[in-house]
Structures are given as C-alpha cells and as structure tokens.
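Novice: Read top to bottom, the protein sequences are chains G and S.
Counting in my numbering, the first sequence runs from 1 upward without gaps.
Counting in my numbering, the second sequence runs from 1001 upward without gaps.
From the three backbone atoms N, C-alpha and C, an ideal C-beta is built for every residue, glycine too.
Please read these numbers as outputs of a predicted model, since none were measured by experiment.
There are 2 protein chains.
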Amino acid sequence: MKRKSLEAAPCPVARSLDVIGDWWSLLIVRDAFLGRRRFGEFQKSLGLSKNILTQRLRGLVDDGIMTQVPASDGSSYQEYALTPKGRDLHTVILALRQWGEDHCFDAEPCPTALVERATGKPVRRLTVQAEDGRPLGLGETMVVAPAG
Amino acid sequence: MKRKSLEAAPCPVARSLDVIGDWWSLLIVRDAFLGRRRFGEFQKSLGLSKNILTQRLRGLVDDGIMTQVPASDGSSYQEYALTPKGRDLHTVILALRQWGEDHCFDAEPCPTALVERATGKPVRRLTVQAEDGRPLGLGETMVVAPAG
DNA sequence: CCACTTGGTTCCATAATGCAACCACCTGGA
DNA sequence: TCCAGGTGGTTGCATTATGGAACCAAGTGG
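What follows is the structure, encoded as structure tokens:
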C-alpha cells in the first residue's frame, strides 16, 4: 500500500508530478531560486522537520534536480545547488506564482513580485500561445498522440 | 501533527501549493482539461481509490477550482466542471507538461503533445520573459517586496 | 419491477509526516 | 589545546493520510 507511483504514466504532467509533486520539493526548489543553498537555510525558511528535509533533498539529488557541491564559503560543509534540470523548473514556479498572486490573496495584497533584476519591472505574464504567438484559450488546444 | 498548512505563507508559490500541491489535485484538473467531467471518468483514468477521489473533488470544489453542475446528458447525475479559477491553471499544467517532456522521458519518446486545435501545430514553449518580451535567464530575475 | 451503473461511504491495514531527542563532525575563540 | 556552539543530519515514536475492498443508496434501462 505505498503511495501510487506515476513514473510509468504516459502523460508528461503525471511524470512531472511523480518527481516534484509532493508537498515540499517545489518549495525547496523555489528557495533554491531565491539563493538558498544550505540545509539549515532551507529548514529555517520552510519550517519543516529535518528528517523530511533530508528525505526531500536526497530525492531531489537522486532525480538530478539538485547536486551537492562544496560550500562556497571555503568551509568543509556542503551546499545544494540546482542542476540545469532543476533550473528548468523556473517556468513551473512562475506559473504557480502567477496563479497564486491572482487567486490566493483575496483580502490582502500579494506581498512579493518577480521582477527583472536590471529594470525592476515585473516579469511578463505567462500565457498559452500558438506557434506564432497568438494567445490560445482553453478550448483552442488539444492533446494528441503524435505517432499513434 | 497534521500536515503543515501553508495557507498563511506570504509567498504566492507556497499558497498555490497549499491548495493544489498534493498528489492528485492537479491530475484531476489535467483530466478536466482533457474533457473529463464525471466521477467515474476521473476514477478510471487516474486509478485512485474512490474515497481519495471524493476527498480531492470536495477540496477542489471548496477551493473554487471546480463546481458541480447538472450532467450535460440530461441524466440526474452531476458533473464536475472547471471554474475560471480552475481554467487559470492552464499555464501551470502546461509548464509541468513541458518540463516532463524535456526531462521525464529519457529512453522513450513522449507519447503526447499539446497542439493548437485549429492547426495541429504544437503550442509555443513557455519562457520567462521581461515586460517587453526579452527572454530572462535565472540570474536576471529577483523577488521583491513591492510596498515594504 | 429488477439488474446494473453511478457515486459515493465505511472499515481497516499500511505508509508518510512531524516532533523531539540524540549524535558526530566542524568551527571559532580562549 | 580544549571546549561551547553551530551544522547536518539520524532514530524513535505518535499521529495523519493513503489505498484497497466491501458495502450501499439512488438513478437508469430494459
């Protein structure tokens, strides 16, 4: 009776969620985007227990999303850094961020924003677009099996 | 010792994950995008047990992501349909899809693709962009607190 | 009116989570 | 050099969530 695995599912969404779909992994990745690299930083920031953090970090390393690297401050500790595969989660995190900004702050205003570092201007909103850039609504897309 | 709630977190990513960050909710939403509407359809497609599906659907309805509507075939059963809030998850699902296509099909080719219905051409790749459309790498963005 | 489908609920065993205590190694200062 | 504290974990145990199966009521089709 273990948790159902989706790793063999044909759908890429299911496979992604099988890897990063638990409660903490994406938050750890988000923290890594924010520059956090040390075990203690993640633990303090997320407020999760250390055994769970250990499990999750190990999972992220096993899945090639993060790697352990020597600490940048010269100490003999190790740090966790995103791999290219982990950095590719940027759009996933941004999509979640924009949805949360729109729908999870009913009363209060959302206290943070993602901006371009050079200009300080907010990042452009993600939209589903056709090949040529036309915006596509929900009914204008479909999922197909290319080489049935 | 219940699962830690992130609903009061200041970060919109955390709040999003608090709502849709469990193993099944986003997959149900994905199925809804694919046109599935009935309890039985979700259950057969996802292969999850009915009690869990009941819980998740109830949660999605409570959170305003889906609603129960009278069945479209005239029977007295009910169906589950996405609300506008649920439809806004389209970019989140697409981001997960693209990441999965890139990183979760090492050996085999990914068997499905999201295409524009009218043309059959694949949807454009999501990227993080500046206000004017320039692509932004990971180091070119930062999170700020607008009205500190 | 009766069999079958649909959409659940209930019960129970098992896995995941969270807290706290513990521990080894590293580091910095006296 | 020695020891206090920080870092990065592990272990044990209580509590929750998950998953499977059995059960059940209302709807539906013949």
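1. Let me check understanding here. Comparing Cα to Cα, which of S:M1142, S:S1075, S:L1126 and S:K1121 lies closest to E116 of chain G?
2. Express the C-alpha separation of F39 of chain G and L1034 of chain S in angstroms, rounding to a whole number.
3. For D18 of chain G, which option in G:D63, G:L46, G:T54 and G:S49 has the closest C-alpha, if you only look at C-alpha atoms?
4. For V1069 of chain S and H1103 of chain S, what's the separation of their Cα atoms in angstroms?
5. Nearest-angstrom Cα distance between D1031 of chain S and P1010 of chain S?
6. Need the endpoints of the beta strand (DSSP E) that V1115 of chain S sits in, please.
7. Take the Cβ of V1013 of chain S as the centre, count every other Cβ of all protein chains shown within 10 Å, and call the residue buried at 16 or more, exposed below.
8. In whole angstroms, give me the CA-to-CA distance for A81 of chain G and S1072 of chain S.
9. Based on Cα-Cα distance, which residue from G:R125, G:D132 and G:R15 lies nearest to Q1129 of chain S?
10. Starting from the Cα of P1084 of chain S, find the closest Cα among S:S1005, S:P1146, S:V1061 and S:T1127 and give me that residue.
11. How many Å lie between K50 of chain G and R15 of chain G at the Cα?
12. What residues are listed by DSSP as bridge partners for T141 of chain G?
13. Along chain S, in chain order, which residues have C-beta atoms closer than 8 Å to that of V13 of chain G?
14. Pick out the complete alpha helix (DSSP H) segments inside the segment 26-107 of chain G, 4 residues or longer, and give them in chain order.
15. Quick check on S1016 of chain S - is its C-beta less than 7 Å from some C-beta in chain G?
16. Let's see if you can read the secondary structure: which residues bound the alpha helix (DSSP H) around R15 of chain G?
17. With distances taken from CA atoms, which of G:T127, G:R58 and G:A8 is nearest H1090 of chain S?
18. DSSP has P1135 of chain S in a bridge; who is on the other side?
19. Give the single residue among S:I1028, S:I1065 and S:P1146 whose Cα lies nearest to the Cα of D1088 of chain S.
20. Report the CB separation of L1057 of chain S from I1028 of chain S in whole angstroms; it is logged as a contact under 8 Å.
21. Give the straight-line distance between the Cα atoms of I52 of chain G and A8 of chain G, rounded to the nearest whole angstrom.
22. Anything in chain S within Cβ reach of A8 of chain G, meaning under 9 Å, just list it in chain order.
23. So is L1096 of chain S buried or exposed if we call it buried at 16+ other beta carbons inside 10 Å?
24. In whole angstroms, what separates the C-alpha of G133 of chain G from that of L1114 of chain S?
25. Can you tell me whether DSSP reads P109 of chain G as helix, strand or coil?
26. Who are the near neighbours of F1168 of chain S in its chain, counting only those whose CB is closer than 8 Å to its CB and skipping five residues on each side?
27. Would you mind giving the Cβ-Cβ distance between S1025 of chain S and R1036 of chain S, rounded to the nearest angstrom? I have them listed as a contact below 8 Å.
Specialist: In brief:
1. Out of S:M1142, S:S1075, S:L1126 and S:K1121, S:M1142 has the C-alpha closest to the C-alpha of E116 of chain G.
2. Straight across, the Cα-Cα distance linking L1034 of chain S with F39 of chain G is about 40 Å.
3. Among G:D63, G:L46, G:T54 and G:S49, the Cα nearest to that of D18 of chain G belongs to G:D63.
4. Using only the alpha carbons, I get a separation of about 37 Å.
5. As the crow flies, the alpha-carbon of D1031 of chain S is around 30 Å from that of P1010 of chain S.
6. Its beta strand (DSSP E) spans residues A1113 to E1116.
7. Here V1013 of chain S is buried, its C-beta having at least 16 other C-beta atoms within 10 Å.
8. Cα to Cα, A81 of chain G sits roughly 50 Å from S1072 of chain S.
9. Minimum Cα distance to Q1129 of chain S is reached at G:R125.
10. Selected option, being the one with the closest Cα: S:V1061.
11. Rounded to the nearest whole angstrom, the CA to CA distance from K50 of chain G to R15 of chain G is 26 Å.
12. Its beta-bridge partners are S:E1116.
13. When 8 Å is used as the limit between beta carbons, V13 of chain G is near these residues of chain S: L1026, L1027, R1030, I1093, L1096, R1097 and G1100, in chain order.
14. Taking only runs of at least 4 residues, the alpha helix (DSSP H) segments lying wholly in the segment 26-107 of chain G are 39-46, 50-62, 84-87 and 90-103.
15. The beta carbon of S1016 of chain S falls within 7 Å of a beta carbon belonging to chain G, placing the residue at that interface.
16. P12 to I20 is the span of the alpha helix (DSSP H), which, as asked, contains R15 of chain G.
17. Considering only alpha carbons, the answer is G:T127.
18. According to the DSSP secondary-structure assignment, P1135 of chain S is paired through a beta bridge with S:Q1129.
19. For the options S:I1028, S:I1065 and S:P1146, the alpha carbon positioned closest to that of D1088 of chain S is the one of S:I1065.
20. Correct: roughly 7 Å between the Cβ atoms.
21. Answer to the nearest angstrom: the Cα atoms are 25 Å apart.
22. The premise fails here: A8 of chain G is roughly 10 Å from chain S at the closest Cβ pair, so nothing lies under 9 Å.
23. A residue is called buried once 16 or more other Cβ atoms fall within 10 Å of its Cβ, and L1096 of chain S is buried on that count.
24. Using only the alpha carbons, I get a separation of about 15 Å.
25. DSSP places P109 of chain G outside both helix and strand once states are collapsed to three, so it counts as coil.
26. Residue 1168 of chain S lies beyond the stretch modelled for chain S, which goes from 1001 to 1148, so this question has no answer here.
27. About 14 Å; that fails the 8 Å criterion.
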